[in-house]
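To convert a position in the sequence shown, counted from 1, into this note's numbering, add 19.
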Amino acid sequence: MANSTEALKVLHKARQAVVLKISELNASHIKSEMRRAGLEIDLTRCREALEQGNTAEDFNASISSLEEEFLALEKSRDTIDSERNALNERLQEIDQQMSNLD
């Protein structure tokens with residue numbers, strides 16, 4: 020009985036660490052969504068300015084830079100999604116182990 024109680028404590032601690040990491044990833048995902056929305060607004064503004072013939076700024080360079088940042092952001096979001104999926108699987112494993120000890 021003491022061994023199963025100790026094992027439950029260890030699993031509970033591991034579960035807390037996984038949940039914390041998932042929460043951190045979720046926060047990063049939300050931040051990236053906000054940045055993505057900002058990039059989309061900036062890209063639209065630059066494209067519309069080009070269509071209207073505005074030459075006050077180098078909109079082609081701005082668009083290129085924004086598109087590069089957008090692609091980097093997408094890669095980052097893919098990494099976040101992969102990490103979150105792996106952590107969710109780990110969470111399920113821990114939950115299964117905990118239920119086996121009950």
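Even for Gly, the Cβ is constructed at its ideal location relative to N, Cα and C. Remember, predicted model here, so these are calculated numbers, not experimental data.
| Check | Outcome |
| --- | --- |
| Distance CB(I205)-CB(L62) smaller than 8 Å | Residue numbering for the chain in the displayed model covers 20 to 121; residue 205 lies beyond these limits and cannot be assessed. |
| Whole-number beta carbon distance between L58 and F89, since they are thought to touch under 8 Å | 5 Å |
| Rounded C-alpha distance that separates A33 from I113 | 8 Å |
| L110 and V37 closer than 8 Å at C-beta | yes |
| Alpha-carbon to alpha-carbon, H48 and Q35 | 20 Å |
| Rounded distance between the beta-carbons of S51 and R96, thought under 8 Å | 5 Å |
| Beta-carbon proximity check, L92 vs R55, cutoff 8 Å | yes |
| L120, buried or exposed, once every other Cβ within 10 Å from all chains shown has been counted against 16 | exposed |
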